[in-house]
Amino acid sequence: MNNIFKSSVWLVIILLVAANIFLFCSSIGLSDQISIFEKKISVIHEENISLETKVSYLTSLDFAKVKAGELNFTTLKYNP
Amino acid sequence: MKIKLLFVFFILLYVAILMKLFYVQVISRKFKDLNLYLKTEKLGAERGRIFDSNGNPLALNQNSYLLYIEPKKITDKFKLIHELADKLKMDESSLSAMIDDTKVYQSIKSGLTENVKDDIQKLELKGIGFNYEMKRYYPEASLSAHVLGFVGKSQDSEDIGYFGLEGYYDKDLKGLPGLFETERDINGKPIFIGTQNRTSAENGRDLFLTIDKSVEEIAKRQLLAGIERYKAKSGCVIIANPNTMAILALSCLPDYDLDKYYKFTQDFFTDPAITDVVEPGSIFKPLVMAAALNEGKIRPDDEMDETGQVKIGSYSIKTWDDTYEGVISMTRILEKSSNVGMVYIGDKLGNVNLYNYLKKFGLGEITGIDLQGESSGYLRPKNSWYPIDYATATFGQGLAITPIQMIRAFASLINGGNLMRPYVVAKMISSSGKETNISPKVERKVISPLTSEIIKKMLVSTVEHAEVKWDRPKGYQIGGKTGTAQIAISGYYDPSKTIASFIGFAPANKPKFITLVMLKEPGTSIWGSETAAPIFFNIAKELIVYYNIAPEQ
């Protein structure tokens, strides 16, 4: 009976240590992933802003004016 | 025995560690309030964007980078200075003088574009880095410079809006910064089981304007062409919906480049349409006419005898060409823009009524337009008015009014008599999607709907029977009035320097737009009928096509 109890205690200790090591390693992995996703979010945000800027320029009257100027469609030149 | 000694040794070691920890975390002042792992980061809020009435962007945010150096990490200083100076378009000597080898970190230049950043990164220089920041971007460049305003820096180096919408709605556009508290290890990686508190930043609200980009382009293009053609010093065009006073376009020239605002003086930043105080001249006459009609003092078919100049004290008031037609109707007074006729109407209306109507039309008070820097004009106190002041006020002289006050007052003549609050922002949307709509606001009733209908017909007749024949859009009834106000310099009027103006609306039955054109000191002709009016009709032709308005006649 005593042996069974001792073995159980050891088993629980080993399991707890193993679980602790597993959690520790997992948390390191998850921390790495958080860092990676933080960087990705930042990059995607910058890309999003960059694309929005490019699209807005291509649909702007300013761009149309530049193209019209290149094609000699206009004679009005105003630069403040 | 040995095992017991070892046990005691370890116990003592643990006790020592515990005591040290107790000292560091509880007793020591140095570490008491310091969490060595907890990093607090400020999450910047994105500035709200600005769109026109059709959802086209007028102001956005773009990526921008701050270049910094870490002098202690620089391996080849000569190469770094040479290469950076070339990419940043700076003098090598200036850049060299900026670098202080004793410092750990130094910011070099902010506002760099992605292209410049990429070019510098390709050089693979040691000891440099970039911080991300945001910069305002105006896709339509200076199309709506005065309406938008610009974003500069405050004394604390924080972004702050100046002038126009950027200034007026700065608090809404700015948003609220967030905070990110996180426990990190020595490598800066988050500790998963540690503290992670995040208060998200609340981005600024997006503004949706009443301004229509296409109408704004028409206004600016025609104004520019007009200023060049008539050799004027400056000019303004305001286009609005007369029923709501929603501003459809507001353009004044000269204006400035929003992206390079720092190259211009403050004179360029103020919006003449809301800040410049001018004498309105003859475009003011319909307001006095409407007041007299509303008070029942005159009727459109009443007649007066225009025999010659009118004497007020020691002053003589004459018509613009000093010719007199004899018996003329009230409508004809507007058609020929007779100062003598207006003095007659002012006399009929009475001084008390005239002054009260000037106040009712909003002279001397701000209109409340949602743009920064509006001035209230000036209406002198009643007790400082002389008989000559009442006489000249009837034809728009001796009054100080801003263009936005003028168009608002005129709009009340044709919208049934409602003096509206002009506005530029129609809707605000927060980052969470909550919409705030801004409705048109009636400030007060100025004239009756019947008077409004009568004055509208008189103004149509004024355009149709004007002394100058304009190239008007065929098949459409257009109402309006010309104005030519001499500019007072040192207490005297200079006849060669005028403010030429035209205010008109179309179509006459159900006006879709009202437009005020003002030119300062036109060189080819001093008259509003020969300068501002043609610009108005060119704009009207384009707007009729743009709004797809069917011919009435």
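Which chain is which? The protein sequence lines are A and B, in order.
The numbering of the first sequence is this note's numbering, which starts it at 1 and goes up by one.
The numbering of the second sequence is this note's numbering, which starts it at 1 and goes up by one.
All C-beta atoms in this analysis are idealised placements derived from N, C-alpha and C, irrespective of residue type, glycine included.
Would you list the one or two residues that DSSP bridges to residue 296/B?
Translated into the one-based positions of the second sequence, residue 296/B becomes position 296. Paired residues: none, contrary to the question.
Any beta carbon of chain B sitting closer than 8 Å to that of residue 52/A?
Start at 1 with the first residue of the first sequence, and residue 52/A comes out as number 52. Answer yes: the Cβ-Cβ gap between residue 52/A and chain B drops below 8 Å somewhere.
For residue 438/B, which residues in the same chain have their Cβ closer than 7 Å to its Cβ, ignoring the five residues on either side in sequence?
Residue 438/B sits at position 438 when you count from the first residue of the second sequence. So the list reads 423, 425, 426 and 427, once near-sequence residues are dropped.
Could you work out which residues of chain A lie near residue 191/B, taking near to mean beta carbons separated by less than 8 Å?
On the second sequence, residue 191/B is found 191 positions in, with the first residue counted as 1. Near residue 191/B (Cβ distances below 8 Å), the residues of chain A are 27 and 31.
Three or more C-beta pairs closer than 8 Å, one from the region 230-249 of chain B and one from the region 77-89 of chain B: is that the case here?
no
Just curious, the alpha helix (DSSP H) that residue 121/B is in, first and last residue?
Indexing the second sequence from 1 puts residue 121/B at position 121. Its alpha helix (DSSP H) spans residues 114-122.
Residue 390/B classed as buried or exposed, judged by whether at least 16 other C-beta atoms fall within 10 angstroms
Here residue 390/B refers to the residue found at position 390 of the second sequence. Per the 10 Å Cβ criterion, buried.
Let me confirm a value: residue 557/B is counted as buried when at least 16 other C-beta atoms fall within 10 Å, else exposed. Which label applies?
In this structure chain B extends from 1 to 553, so residue 557/B is not present and cannot be described.
For residue 60/A and residue 363/B, the rounded distance between their alpha carbons:
Position 363 of the second sequence, counted from the first residue, corresponds to residue 363/B. Position 60 of the first sequence, counted from the first residue, corresponds to residue 60/A. Taking the straight line joining both Cα atoms gives about 38 Å.
If you reduce the DSSP assignment to three classes, tell me which class residue 442/B lands in.
Numbered from 1 along the second sequence, position 442 holds the residue referred to as residue 442/B. It is a strand residue.
Touch test, the region 287-295 of chain B against the region 158-167 of chain B, Cβ-Cβ under 8 Å, three pairs minimum:
no
Closer than 8 Å is the cut-off here; do at least three beta carbon pairs connect the region 169-183 of chain B with the region 47-55 of chain B?
yes
Give a yes or no on whether the minimum CB-CB distance between residue 67/B and chain A is below 8 Å.
Counting from one through the second sequence, the residue named residue 67/B turns up at place 67. Chain A, which has no Cβ nearer than 8 Å to the Cβ of residue 67/B, makes this no.
By the 10 Å Cβ neighbour count, where 16 or more other Cβ atoms means buried, how is residue 278/B classified, buried or exposed?
Position 278 of the second sequence, counted from the start, is the residue given in the question as residue 278/B. Flag for residue 278/B reads buried.
Measure the Cβ-Cβ separation of residue 178/B and residue 43/B and say whether it is below 8 Å.
Sequence index remark: in the second sequence, residue 178/B carries index 178 (1-based). Sequence index remark: in the second sequence, residue 43/B carries index 43 (1-based). Cβ atoms of residue 178/B and residue 43/B: closer than 8 Å.
Residue 57/B bridges to which residues according to DSSP?
Counting from one through the second sequence, the residue named residue 57/B turns up at place 57. Its beta-bridge partners are 51/B.
Is the shortest distance between the beta-carbon of residue 70/A and the beta-carbons of chain B less than 8 Å?
Within the first sequence, numbered from 1, the residue matching residue 70/A stands at position 70. By this cut-off, residue 70/A is not an interface position.
Going by beta carbon distance, what residues of the same chain come within less than 8 Å of residue 80/A, once the five residues before and after it are set aside?
The residue labelled residue 80/A in the question sits at position 80 within the first sequence. At residue 80/A, the pLDDT of 46 sits below 50, so the modelled position is not reliable; the number obtained from the coordinates is stated separately. Excluding sequence neighbours, residue 80/A sits near nothing in its chain.
What residue range is occupied by the uninterrupted alpha helix (DSSP H) comprising residue 536/B?
In the second sequence, counting from the first residue as 1, residue 536/B sits at position 536. Its alpha helix (DSSP H) spans residues 532-546.
Distance check for residue 71/B and residue 103/B, CA to CA, integer angstroms please.
Residue numbering aside, residue 103/B sits at position 103 when the second sequence is read from its first letter. Residue numbering aside, residue 71/B sits at position 71 when the second sequence is read from its first letter. Approximately 6 Å between the Cα atoms of the pair.
Contact list for the region 42-68 of chain B against chain A, Cβ threshold 8 Å
56, 57, 60, 61, 62 and 63
Can you find a C-beta in chain B that's less than 8 Å from the C-beta of residue 49/A?
Stepping through the first sequence from its first residue, residue 49/A is reached at position 49. For residue 49/A, the answer is yes, since a Cβ of chain B falls inside 8 Å of its Cβ.
Taking DSSP as the reference, what is the three-state secondary structure of residue 525/B?
If you number the second sequence from 1, residue 525/B lands on position 525. Residue state, collapsed to three classes: coil.
With 16 as the cutoff for other CB atoms within 10 Å, does residue 142/B come out buried or exposed?
The residue labelled residue 142/B in the question sits at position 142 within the second sequence. Per the 10 Å Cβ criterion, buried.
For residue 125/B, I'd like the list of residues in its chain whose CB is within less than 6 Å of its CB, leaving aside the five on either flank, ordered along the chain.
Stepping through the second sequence from its first residue, residue 125/B is reached at position 125. Closer than 6 Å at Cβ, skipping near neighbours: 80.
What residue range is occupied by the uninterrupted alpha helix (DSSP H) comprising residue 2/B?
Residue numbering aside, residue 2/B sits at position 2 when the second sequence is read from its first letter. Taken as a continuous stretch (DSSP letters only), the alpha helix (DSSP H) holding residue 2/B covers 2-22.
Let me check one thing: in DSSP terms, what residues is residue 566/B bridge-paired to?
The requested residue 566/B does not occur in the structure, where chain B is confined to residues 1 to 553.
Tell me the DSSP secondary structure of residue 301/B in three-state form.
Stepping through the second sequence from its first residue, residue 301/B is reached at position 301. In the structure shown, residue 301/B sits in coil (DSSP, three-state: anything other than H, G, I, E or B).
Quick check: is the beta carbon of residue 80/A nearer than 8 Å to any beta carbon in chain B?
Here residue 80/A refers to the residue found at position 80 when the first sequence is read from its first residue. The predicted model places residue 80/A with a pLDDT of 46, which falls under 50 and marks its position as unreliable; any figure quoted below should be read in that light. Judged by the 8 Å Cβ criterion, residue 80/A is in contact with chain B.
Given a limit of 9 Å on CB to CB distance, which residues of the region 138-154 of chain B reach chain A?
138, 139, 140, 141, 142, 143 and 145
What would DSSP say about residue 12/A, mapped onto helix, strand or coil?
On the first sequence, position 12 is the one that residue 12/A refers to. In the structure shown, residue 12/A sits in a helix (DSSP, three-state: H, G or I).
Run through DSSP, which three-state label would residue 159/B get?
As a position in the second sequence, residue 159/B is number 159, starting the count at 1. Strand.
Bounding residues of the beta strand (DSSP E) (the contiguous stretch that carries residue 136/B):
Taking the first residue of the second sequence as 1, we reach residue 136/B at position 136. Unbroken beta strand (DSSP E) run through residue 136/B: 128-137.
Partners in chain B for residue 61/A, counting only beta-carbon separations shorter than 7 Å
By one-based count along the first sequence, residue 61/A stands at place 61. What residue 61/A touches in chain B: 140, 143, 213 and 217.
Of the choices 340/B, 320/B, 321/B and 322/B, whose alpha-carbon is the least far from that of residue 329/B?
Numbered from its first residue, the second sequence carries residue 329/B at position 329. Comparing Cα positions, the closest option is 340/B.
For residue 49/A, which residues of its own chain have a beta-carbon under 7 Å away from its beta-carbon, when the five flanking residues on both sides are left out?
As a working note, residue 49/A is residue 49 in the first sequence. Hits under 7 Å: none found.
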